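Quick notes on the structure that follows.
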Amino acid sequence: MNIASVNYHFGDKEQLYLESIKRAHACADGFTDTDNPVPEMPAALPPEQKLRAFIGVMAGRMLTPARTSAVQLLMREMANPSPAAATVILQYIRPKAFLLRDILTEMFPTADPRHVLMVGHSVIGQILFYRQNRPVVELIFGKDRIDALDVTLVTEHVTRFTLAALGYAPPLREHSGLNNQSAEANRPPAP
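In terms of full-length UniProt numbering, the sequence shown has 144 at position 144, counting the first letter as 1, and numbering is strictly consecutive.
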């Protein structure tokens, strides 16, 4: 590494690393520097539709192919954040987290904020699974089956699953091809 070049372009190695993390986040999150990392939500939109829109944007970003090196760098930084990662988290990730929190608070205005936080973690966890665990899931189920899970399908599933869990929609089995008959047929016999 040419230190003089790094200093000229970035000021120092720490600034170079910060720019590397920003670029990795942009690559892994599927947006460019000019994109708004937070989806816009019209105030008049019902909270369920805001949640669906949020999930759709996030699923689109998580299902967009990303460089393995970018994802690995971000996963390392999420597990053990450096000062550079803190900057990226505050600039790009916190606004999304606050938007999701606001949507969930609109759905449950009197809820304990700790429960709203946990519901938000559950929503994000469902979406992040598709990015973080893709290599393992492809090994288990095959790349073709995982490639068939497009943004629309994942968005619909995560949204319906979440809305059903929150009491905003009927149980998932009523609309997803899952039903009591198939559950009974697949249940092991009682001892």
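The beta carbon of each residue, even a glycine, is placed where N, CA and C say it ideally should be. None of the values given here were measured: they were computed from a predicted structure.
Quiz item: Applying the criterion that 16 or more other CB atoms from any shown protein chain within 10 Å of the CB defines a buried residue, is residue 90 buried or exposed?
Solution: exposed
Self-check item: Inter-residue Cα distance where the pair is residue 23 and residue 70
Solution: 8 Å
Practice problem: Ignore the nearest five residues each way along the sequence and tell me which others in residue 166's own chain have a CB closer than 6 Å to its CB. | Solution: none
Practice problem: Please name the residue, chosen from 113, 14, 101 and 54, that lies closest to residue 85 on a Cα-to-Cα basis. | Solution: 14
Quiz item: Of all the options 47, 140 and 54, which has the alpha carbon lying nearest to the alpha carbon of residue 158?
Solution: 54
Quiz item: Any chance the stretch 40–54 sits against the stretch 92–106, with 3 or more Cβ pairs inside 8 Å?
Solution: yes
Quiz item: For residue 69, does the three-state DSSP call read helix, strand or coil?
Solution: helix
Practice problem: Report the residue from 169, 164 and 20 whose alpha carbon sits nearest the alpha carbon of residue 88. | Solution: 20
Quiz item: Just curious, the alpha helix (DSSP H) that residue 125 is in, first and last residue?
Solution: 113–132
Self-check item: With 16 other Cβ atoms within 10 Å as the buried cut-off, status of residue 40
Solution: exposed
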